[in-house]
Amino acid sequence: MTSVDASSAKIDSKGRILLPPVLRSELDLEPGDTVSLRKTREGLIVTRGGGTDYISRLRQMLETSPSRLGKPSNPTPSKMKRIWKTA
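Convert by adding 62 to the 1-based position in the sequence shown; the result is the number in the working numbering.
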């Protein structure tokens, strides 16, 4: 952990978040640097760098339950034939 475990910031009228100077210094962030934002069940995670971390994204997808749009239906064979004819 860093010396700052938790901090707060205000959101301005344009939706921008100003990180406290202590955090910017500890994370070596300069004006113009990019950060990544990730929504979790607990809130928002801000990480240094804006590149896509494919391994982390894959891990997140594997650990997250898929969203369902309803109960799956099992069509009858005749209904399947009609579906295949229209496809």
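Ideal Cβ placement from N, Cα and C applies to all residues, glycine included. Since the structure is predicted, the reported quantities are computational estimates derived from the model, not experimental observations.
Give the secondary structure of residue i by DSSP, where H, G and I count as helix, E and B as strand, and everything else as coil.
| i | result |
| --- | --- |
| S87 | helix |
| T102 | coil |
| M63 | A caution first: M63 carries a pLDDT of 42, below 50, which makes its placement in the model too unreliable to give a value. |
| L120 | helix |
| P139 | helix |
| T148 | helix |
| E125 | helix |
Quick one, are the C-beta atoms of residue i and residue j less than 8 Å apart?
| i | j | result |
| --- | --- | --- |
| V97 | R78 | no |
| L106 | L99 | yes |
| A71 | P82 | yes |
| P139 | I145 | no |
For residue i, write down the residues that DSSP places opposite it in a beta bridge.
| i | result |
| --- | --- |
| T109 | S98 |
| I79 | I73 |
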